[in-house]
Each structure stands twice: as structure tokens, then as C-alpha cells.
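Chemist:
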Amino acid sequence: MAARKGNNLLEQALRVAQSSGRSHQGRLRGLLRAATRAPGIASASLFLPDSTEPALTECFSSVLSGASRSCLIPYGQGCAGRAAADLREVYGTSVDLHPEERGGGESGQFVAIPILDGTGLTAVLALACPDPVLPSESVALCRQLVPIFSLTLSGLAAEQEAHKARRDLALISSLGRLIEAPAPAAMLLPQVVKLCTGSGVAGCAVIRLAAKGRARGRVYKGCHSSVRRELTALLEFEQRLSVRTLAAGATRTDKLALPGSCRYALCTPLTCNGQELGALTLFGGADLVSTAQAELAGTVARLVAGALTEAICEERVASFDTENEKKLKELSLLYRLSNTMLSTIKLNKLIHLTLTALTSGPTPFFDRAMLFLANERSGSLVGMLGVTSENAPVLSMPGGGGDDLLSSRWDITEDEMAAQRESEFSRQVQGKRLELDPTLNIASQAVLERRLIYIPEETGIGSDASAVARTALAASPLIAHGQTVGVVLVDNALTLSPITQEHLRFLQLFTNQAGMAIENSMLYNRIEDAHRQLSEAQENLLQKERLATIGEMAAGIAHELKGPLVSIGGFAGRLARKLPAESDEWASADLIVREVIRLEGILSEILLFSKKTTICYTRCNIVDIVNETLTITAPTVEEKQIEISTKFPRQRQVLLGDCQQLKQVFINIIQNSLEAMAPGGQLSIQVHPAELDGTDAIAVKIVDTGGGIPLEQLNNIFTPFFTTKASGTGLGLPIANRIITNHGGKIHVTNHPGLGAEFRIVLPKHW
Numbered sequence: 001m002a003a004r005k006g007n008n009l010l011e012q013a014l015r016v017a018q019s020s021g022r023s024h025q026g027r028l029r030g031l032l033r034a035a036t037r038a039p040g041i042a043s044a045s046l047f048l049p050d051s052t053e054p055a056l057t058e059c060f061s062s063v064l065s066g067a068s069r070s071c072l073i074p075y076g077q078g079c080a081g082r083a084a085a086d087l088r089e090v091y092g093t094s095v096d097l098h099p100e101e102r103g104g105g106e107s108g109q110f111v112a113i114p115i116l117d118g119t120g121l122t123a124v125l126a127l128a129c130p131d132p133v134l135p136s137e138s139v140a141l142c143r144q145l146v147p148i149f150s151l152t153l154s155g156l157a158a159e160q161e162a163h164k165a166r167r168d169l170a171l172i173s174s175l176g177r178l179i180e181a182p183a184p185a186a187m188l189l190p191q192v193v194k195l196c197t198g199s200g201v202a203g204c205a206v207i208r209l210a211a212k213g214r215a216r217g218r219v220y221k222g223c224h225s226s227v228r229r230e231l232t233a234l235l236e237f238e239q240r241l242s243v244r245t246l247a248a249g250a251t252r253t254d255k256l257a258l259p260g261s262c263r264y265a266l267c268t269p270l271t272c273n274g275q276e277l278g279a280l281t282l283f284g285g286a287d288l289v290s291t292a293q294a295e296l297a298g299t300v301a302r303l304v305a306g307a308l309t310e311a312i313c314e315e316r317v318a319s320f321d322t323e324n325e326k327k328l329k330e331l332s333l334l335y336r337l338s339n340t341m342l343s344t345i346k347l348n349k350l351i352h353l354t355l356t357a358l359t360s361g362p363t364p365f366f367d368r369a370m371l372f373l374a375n376e377r378s379g380s381l382v383g384m385l386g387v388t389s390e391n392a393p394v395l396s397m398p399g400g401g402g403d404d405l406l407s408s409r410w411d412i413t414e415d416e417m418a419a420q421r422e423s424e425f426s427r428q429v430q431g432k433r434l435e436l437d438p439t440l441n442i443a444s445q446a447v448l449e450r451r452l453i454y455i456p457e458e459t460g461i462g463s464d465a466s467a468v469a470r471t472a473l474a475a476s477p478l479i480a481h482g483q484t485v486g487v488v489l490v491d492n493a494l495t496l497s498p499i500t501q502e503h504l505r506f507l508q509l510f511t512n513q514a515g516m517a518i519e520n521s522m523l524y525n526r527i528e529d530a531h532r533q534l535s536e537a538q539e540n541l542l543q544k545e546r547l548a549t550i551g552e553m554a555a556g557i558a559h560e561l562k563g564p565l566v567s568i569g570g571f572a573g574r575l576a577r578k579l580p581a582e583s584d585e586w587a588s589a590d591l592i593v594r595e596v597i598r599l600e601g602i603l604s605e606i607l608l609f610s611k612k613t614t615i616c617y618t619r620c621n622i623v624d625i626v627n628e629t630l631t632i633t634a635p636t637v638e639e640k641q642i643e644i645s646t647k648f649p650r651q652r653q654v655l656l657g658d659c660q661q662l663k664q665v666f667i668n669i670i671q672n673s674l675e676a677m678a679p680g681g682q683l684s685i686q687v688h689p690a691e692l693d694g695t696d697a698i699a700v701k702i703v704d705t706g707g708g709i710p711l712e713q714l715n716n717i718f719t720p721f722f723t724t725k726a727s728g729t730g731l732g733l734p735i736a737n738r739i740i741t742n743h744g745g746k747i748h749v750t751n752h753p754g755l756g757a758e759f760r761i762v763l764p765k766h767w
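Below is the structure:
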């Protein structure tokens, strides 16, 4: 009878597993219901393990209708958790169960059977029996279903992989259609996060744009309704993760200590053409941190970054177009004013043209404009002219001017100027005398402070409030040849329209042109530039002549001085050895010997500098060269108690060069730094990889605390024979500079007055 029941149960299970009209999830639920047909089995559940952590995270149950549910049963906890950890059957009662294992019943017997695929765990089958004793025959019948469960689970895994592939392809396709038509970021990014969550790739998606200048980074988010309660915690976690991701410049994954389906996060930077635009963060289950999902997120990020870059570019182009239109209008007006000024020598006409340009046309900049000239003798501002948009004629082009901007200029007739002078408003302005006191009016303040002054409301000019109604007022000084000769005042008393920052900026530019100082300034600058270029060319020529003279003199000096110096030094040495020690005669002979040695050293440096050197290229470890240099200079370091700090990379820093010549470079520079520092100084040496003209290089940075290089000497430190030391030759740094130049490298000097100097030597590897 038991065998017949087992065969019937097995046949039913096989029919369920082979039914083509049901999904694999439906087949699993059918198999679980089939297991409950075994005598004494009240319910059956199937727990699936997580792919990234030792826990059971998905549950199918015979008492559940519909899809599976999420759970979290760590290995070793509850019957199912212990079966998963030990890979053996585990029996127990309700008190042994994990809270996630409990079903409807709270008493009876339970068994957890691991389902293995080879040696790995595929799932755990949990059976519940309400009776005090779990029938062994029923457990044996259910064991026969384990291979069928295993095959069905394999099919489910394949089905899920195929579903993920279709889902990912659909997401990329939808995203491609979305970004085909460029849209502003504010419209594009909300749709992107909606696609990520709507496709099922993530339970929550966040795009955080990087902050640019004063603009704060914007955040676009979307999530399923099931994780809406956790959104605040997810956003806090996302903010920290995106900061780390952008700092690393690579995709990062992390696990959250939160319940629910969004327990994993994947964050990838949005970069395009080397520019970091922000970060895309997805929250979901364990499959989110798989390699395939990381690649999908990278693809989405690249598409979004490209579309975002295009949208930003279009926004900038549109903004630039609008801004350029404004600037073109301003520049054309300024250029025509400049042409008008250059073509007009009559001050009266120039004043009329200036004020008319501010108030004329269909859309004038201001309603009224007034000009006051400064009278130094009386210490006051004298009203010269006032023009309103009502009596400002449209400025005309003289005959032959046409529409050519480069040759266009304005003109105004004598009758039009007379009408302006005779207007009531102009007569009121001409009758005004403003005392040069910045506390009384903004016109005087602008003249004395030589800057544009803007006040939202001004009672009037002087004491007569009828001359200028209560309205916003701006005053800009007229500066000519370095002197403030007058001021232009403007307002919108007729239309009461506001004065914008754009209008004020244009007024500033306009009055600068009208001040007639630009031409003199440009001419002066040109003369200064020509003088500086001439001085530099002369200095370069003198330097080249000096170097050529040194080269010609070196051979003669060596020939003429070497022989006599050897004789003098030899005879003086012999004489010193024969004389009594510490006698006056011995001291004189010893002085001669020491001076001969010094002269020979000077001669050697001159010969070294003038000689055309040949580089013997070998593999040089720059760290070894620096260490050898420090060994050579150790006596000076110990004598002055200099603190040496070094920072060398772990990898060998090897280049092709002449090791002896490079050692001479570091000896010269380090010795100079040691001599410049007082006892107890600090010398820092750092070696690190670098780039030079786009090729791999090695940089050595030497920083001392010698007080820096005097500013008047900074430009001469590489000049031959320039020295501030009593016993120096002035050839140490020039020799070092030439050796580095011959190796294709560069020496950069950063001066910190009062602190010290920094020498940075960059040498190409020549690989």
C-alpha cells in the first residue's frame, strides 16, 4: 500500500513538473501541494538560498497563493537554516523554528530536507506535521520528490535568467528610444529612474548630479510602493555611497543593514569625456551585485551620461545664444559709439550723442539721462544736458554708412541738438549745481569714488524734487586720461520700470567708452608690451653672448691656468711639509695650498659647464641616486642638524639616463638647500611618477626651509656666475639645469618667501 501511494505521489509530481502550461513557479507550488498529500503532512515549504550571503532569502509554500515571498533565515538558525548549514535533514518542533519558518500552526513536528545539486545547496524542503510524531513513511515519500524539485528549480533558474535578459534588453531599448530625442535634464532623468524601477531591475533608483560651482547637485529618485517607507534611509545611504563612488571613479557595491527587498546597492559614476556628471545608484536584491547587473548598470550609466552631456550642451548653447544676442547688441552699440567718438571732435555734439544713445530707439535703456561736468575750482558738478526718451530722436547713420558695423557710426543734426537743449527737462538740469560732497547726492559719490553708484530710490538731484521724481537712480563717472571729468545719471521716471543689473552693466561699459580713456590706455599698453619684449630680447641676447664667451674662454683658461696652478700647489705643498707646523711660514704655505685647491675646483666647474657633455644612457634607479646624494651630503646634514624626510614609492623608479650626471644635479641642488638653511632646518625629498609632455616621467621634489629666494634674485638663479655666496662660483644651478635639459627634462622652481624654496625635477623615462 505504501509503495502504491509512493508511486501515485511520484506520478502526480512528475505530471506537475512536466506540465507545459504552467510556469516554473506554478510547478513548484504544485509540487509542494503534492507533498502535502503524503499522510500526516499539513504543509510544505521550499526555501531558496541567497547567491551572495549564507542565508535563505526566498520562500515558496503550499499555503501561499501567487508568487513567492521574501524571507531572511541565516544559516544555522531554525530547522531550515541548520539543514542549509549542515547539508543534512534536521527535525524539530515549533520552538526550534526560525520566525520566518512558521506557518499557520504553532505545534507539531517539522523536518527540513536539503536539496543538493552536486555538492552545492539548491533549496531546503520544510515539511510540517500537526501530529506529535512525524510519519517516517511520509518523509520517505517526500524524499522521492527531491530530484523533481531539483530539476524544477534548475528550470526556474533558467527561466529567471531568460527573464532577466529580456528585461535588461527591454530596459536598454526603452532607454535608447528615450534619449533619441534630446531633452533637458529635468525632463530626462525622472524618466530614466522610472524606467529602472518599472523594468524590475531595481526596487529604488537614484540619480545624483554633481555640484558645479555654486549650483547644488540635484537628486532624481524613484521607487516601488513597497519600499517607499524606507526611502529616507535609502537616500542617506545613497548620498554616502555616491561620494565614495565618485572619489574612486569606479562602480561600487554595498550591503545595507535594512530589512526588505532593497538590501543591496550598486552605484556607478556618470562620466562622459573624462567629466564626472554625477552617480546612478540602484537598490535591490542579491542579483543586483552580480557581474551581469554591474555591466548593465555601466551601460545605462554611459547612455545616461551621454544624453545628459548632450542635454547640458544644448542648454548651454541656448543660453549662450541668448547671452550672445544681448552682448552683440551691446557691443554693436558700444562699437558705434566708439566710431562716433573717434569721428567727432566737438564736445557738445559728443555729449548729445552719448545721452541720446542711452534714451533713443524703440526699446531705450533708460527713460532719462543727465550729464554733469566736474568743476575743480568751484568744487561742484555743473549740469550740462538732460535728454528724455520723449525728445531723443532716432540716431541716424551718415551718408555711406549703411549697415556695415565696422564702418557705422551715429549722427545727430544741429536742429535735433537744439531741440534737446531747449526742452524743459534739459533747462532744469542745466540750472543745477551739485556740491562735490558724497553725503549729499550720488552724483558726487560716483565722481569721488570713481565707481558706478545705484540707489533703488532717490528723492531728487539737489533740493528740487520736481526736477527728478522719486525713482531708482544710477550714476556712472566719466573718466578721461585718469581724471574724473563728469558723471552720467540715468533713471526710469517716465515708465517707472526697474533698472536691471544688465542695464547697469551696459551703463558702466557705455560710460567707460564715453570717458575717452580707452584709447590712451590701449596705446600705453602697446608701448609697455613693446618695451618689455625688447628688454626680454635684449636680455636673451646678452645671455647667449655671455654663454658663448664663457665657452670660448674655458679652453684658454684651462690651458693657461692649469699648469701654473699645479706648479704653485706642488711647491707650496712641499714647502709646507718642510716648515715647522703652526709657524707663520707654514700657515702662509698652507693658505696657498688651500686657495690652489679652490681655484682648481672653480676651473673644473667652468670646464664642466663649457664642455659639450655626452650622455651615457644606462638604467638608473632615481631613488638610489637620491640616497647616494644624501650619503655624500651627510656631513653637512649632521653638522647643521638638518632633519631629512623622504617619501619614496614602493615600485622601482627606473629611467634611462647618465647616473653620474644626474647625481651631480641632486648634489648641487641639495647642497644649495643645506647651505641656505639655518641649523635645525628641515629638508623634504619626495619621488613620485609623473607625466612630461604626455609621456611617462619621474618627478623629484626637494623642499627646504631656507627662507626662500629673494625676489630680485629669482630670475637669475640659472644665470652662470651669478651667486650670493662668498665662496661660490655661480655654476651649480646652471650646470644642473643644463644636465636636466640635455636629458629632456625640466626644473620647476616654486618660491615661498620667508619659508623656503621648492625645486621639482621632472625627467622622462625614455622607454
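Counted from 1, the sequence shown has number 48 at position 48 by the UniProt record's numbering; the numbering is strictly sequential.
Glycine included, every Cβ here is placed at the ideal spot set by N, Cα and C.
Note that the structure is predicted; figures quoted are calculated from it, not measured.
1) Mind checking whether residue 422 and residue 393 have CB atoms under 7 Å apart?
2) If you draw a straight line from the alpha carbon of residue 711 to that of residue 640, how long is it in whole angstroms?
3) Along the chain, where does the alpha helix (DSSP H) containing residue 252 start, and where does it finish?
4) Under 8 Å by Cβ, that's how I've got residue 749 and residue 736 pegged, so tell me the actual separation to the nearest angstrom.
5) State the Cα-Cα distance for the pair residue 591 and residue 531, rounded to the nearest angstrom.
6) For residue 382, report the span of its beta strand (DSSP E) as first-last.
7) Decide if the region 172-189 is in contact with the region 39-47; the criterion is three or more beta carbon pairs, one per stretch, under 8 Å apart.
8) Mapping the DSSP letters down to three states, classify residue 12 as helix, strand or coil.
9) Count the other CB atoms within 10 Å of the CB of residue 434; is the residue buried (16 or more) or exposed (fewer)?
10) If you draw a straight line from the alpha carbon of residue 266 to that of residue 504, how long is it in whole angstroms?
11) Assuming residue 739 contacts residue 671 (C-beta within less than 8 Å), just tell me the rounded distance between them.
12) By the three-class DSSP mapping on this structure, what secondary structure does residue 450 have?
13) Tell me whether the region 631-649 and the region 679-694 touch, counting them as touching only if at least three CB pairs, one residue from each stretch, are closer than 8 Å.
14) Smallest Cα separation from residue 113: which of 651, 133, 119 and 80?
15) Less than 7 Å between C-beta atoms, sequence neighbours within five positions excluded: which residues of the same chain meet that for residue 351?
16) In the DSSP assignment, the alpha helix (DSSP H) including residue 163 goes from what residue to what residue?
17) With distance defined between alpha-carbon atoms, name the residue in 132, 61 and 120 nearest to residue 101.
18) Around the Cβ of residue 761, are there at least 16 other Cβ atoms within 10 angstroms (buried) or fewer (exposed)?
19) With DSSP as the reference, please indicate the residues paired to residue 264 in a beta bridge.
20) Quick check on DSSP: helix, strand or coil for residue 588?
21) Run the CB neighbour count on residue 87, radius 10 Å, all protein chains shown included, and call it buried at 16 or more, exposed below.
22) Mark residue 230 as exposed unless 16 or more other C-beta atoms lie within 10 angstroms of its C-beta, in which case mark it buried.
23) Could you pull the start and end residues of the alpha helix (DSSP H) that residue 670 belongs to?
24) State the CB to CB distance for the pair residue 217 and residue 228, rounded to an integer number of angstroms; the pair is presumed to be in contact (CB under 8 Å).
25) Just how far apart, CA to CA, sit residue 35 and residue 99?
26) Between 148, 196 and 52, which lies nearest to residue 224 when the distance is taken from Cα to Cα?
27) Just to confirm before moving on: does the CB-CB distance between residue 206 and residue 304 stay below 7 Å?
28) Quick one: what's got a C-beta closer than 6 Å to residue 733's C-beta in the same chain, skipping five residues either side?
29) Taking residue 84 as part of the alpha helix (DSSP H), name the residues at either end of that continuous run.
30) Less than 7 Å between C-beta atoms, sequence neighbours within five positions excluded: which residues of the same chain meet that for residue 244?
31) Residues in its own chain within less than 6 Å of residue 455 by CB, not counting five upstream and five downstream?
32) Between residue 652 and residue 621, is the Cβ-Cβ spacing less than 7 Å?
33) What's the call for residue 578, buried or exposed, on a 16-neighbour Cβ count within 10 Å?
34) Just mark residue 177 as buried or exposed, buried being the case when its beta carbon has 16 or more other beta carbons within 10 Å.
Modeler: Considering the structure as presented:
1) Start at 1 with the first residue of the sequence shown, and residue 422 comes out as number 422. Start at 1 with the first residue of the sequence shown, and residue 393 comes out as number 393. No, Cβ-Cβ distance for residue 422 and residue 393 is not below 7 Å.
2) The count along the sequence shown starts at 1 and reaches residue 711 at position 711. The count along the sequence shown starts at 1 and reaches residue 640 at position 640. The straight-line gap from Cα to Cα measures roughly 26 Å.
3) Looking up residue 252 in the sequence shown gives position 252. Unbroken run through residue 252 is the beta strand (DSSP E), 252-255; no alpha helix (DSSP H).
4) Here residue 749 corresponds to residue number 749 of the sequence shown, with the count starting at 1. Here residue 736 corresponds to residue number 736 of the sequence shown, with the count starting at 1. Rounded, the Cβ-Cβ distance is 11 Å, inconsistent with contact.
5) Locating residue 591 in the sequence shown gives position 591, counting from the first residue. Locating residue 531 in the sequence shown gives position 531, counting from the first residue. Cα to Cα, the separation comes out at about 50 Å.
6) Translated into positions along the sequence shown, residue 382 becomes position 382. Run containing residue 382: 380-388, per the beta strand (DSSP E) assignment.
7) no
8) Stepping through the sequence shown from its first residue, residue 12 is reached at position 12. Note: residue 12 maps to helix in three-state DSSP.
9) Along the sequence shown, read from residue 1 onward, the residue named residue 434 stands at position 434. Buried.
10) Start at 1 with the first residue of the sequence shown, and residue 266 comes out as number 266. Start at 1 with the first residue of the sequence shown, and residue 504 comes out as number 504. Rounded to whole angstroms, residue 266 to residue 504 spans 50 Å at the Cα level.
11) Residue 739 sits at position 739 when you count from the first residue of the sequence shown. Residue 671 sits at position 671 when you count from the first residue of the sequence shown. With a Cβ gap of about 15 Å, residue 739 and residue 671 do not count as contacting.
12) The residue labelled residue 450 in the question sits at position 450 within the sequence shown. In this structure, residue 450 counts as coil in the three-state DSSP scheme.
13) yes
14) Sequence index remark: in the sequence shown, residue 113 carries index 113 (1-based). Comparing Cα-Cα distances from residue 113 to each of 651, 133, 119 and 80, the minimum goes to 80.
15) Here residue 351 corresponds to residue number 351 of the sequence shown, with the count starting at 1. Counting only Cβ-Cβ distances below 7 Å, and skipping sequence neighbours, we find 371, 384 and 385.
16) Residue 163 sits at position 163 when you count from the first residue of the sequence shown. Per DSSP, residue 163 belongs to the alpha helix (DSSP H) from 146-180.
17) Your numbering for residue 101 matches position 101 in the sequence shown. Measuring from the Cα of residue 101, the nearest candidate turns out to be 61.
18) Residue numbering aside, residue 761 sits at position 761 when the sequence shown is read from its first letter. Looking at its Cβ environment, which holds 16 or more other Cβ atoms inside 10 Å, residue 761 is buried.
19) Mapped onto the sequence shown, residue 264 falls at position 264. DSSP, once it has assigned bridges, lists 255 and 284 as partnering residue 264.
20) Along the sequence shown, one-based indexing puts residue 588 at 588. Helix, per DSSP.
21) Reading the sequence shown from its first residue, position 87 is the one you call residue 87. The residue in question, residue 87, is exposed, as its Cβ has fewer than 16 Cβ neighbours within 10 Å.
22) In the sequence shown, counting from the first residue as 1, residue 230 sits at position 230. Residue 230 is buried by the Cβ-count criterion.
23) Reading the sequence shown from its first residue, position 670 is the one you call residue 670. Per DSSP, residue 670 belongs to the alpha helix (DSSP H) from 659-676.
24) As a position in the sequence shown, residue 217 is number 217, starting the count at 1. As a position in the sequence shown, residue 228 is number 228, starting the count at 1. About 23 Å; that fails the 8 Å criterion.
25) Reading the sequence shown from its first residue, position 35 is the one you call residue 35. Reading the sequence shown from its first residue, position 99 is the one you call residue 99. Rounded to the nearest angstrom, the two C-alpha atoms are 22 Å apart.
26) By one-based count along the sequence shown, residue 224 stands at place 224. Of 148, 196 and 52, the residue nearest in Cα terms is 196.
27) By 1-based counting over the sequence shown, the position of residue 206 is 206. By 1-based counting over the sequence shown, the position of residue 304 is 304. No, these two residues do not count as a Cβ contact at 7 Å.
28) The residue you call residue 733 lines up with position 733 of the sequence shown. 717 and 718.
29) Taking the first residue of the sequence shown as 1, we reach residue 84 at position 84. Note, residue 84: alpha helix (DSSP H), 78-86.
30) As a first step, residue 244 is located in the sequence shown; it is residue number 244 there, counting from the start. 252.
31) Numbered from 1 along the sequence shown, position 455 holds the residue referred to as residue 455. Excluding sequence neighbours, residue 455 sits near 442 and 473.
32) Counted from its first residue, the sequence shown places residue 652 at position 652. Counted from its first residue, the sequence shown places residue 621 at position 621. Taking 7 Å as the Cβ cut-off, residue 652 and residue 621 qualify as a contacting pair.
33) Translated into positions along the sequence shown, residue 578 becomes position 578. When all chains shown are included, residue 578 counts as exposed.
34) The count along the sequence shown starts at 1 and reaches residue 177 at position 177. Label assigned to residue 177: exposed.
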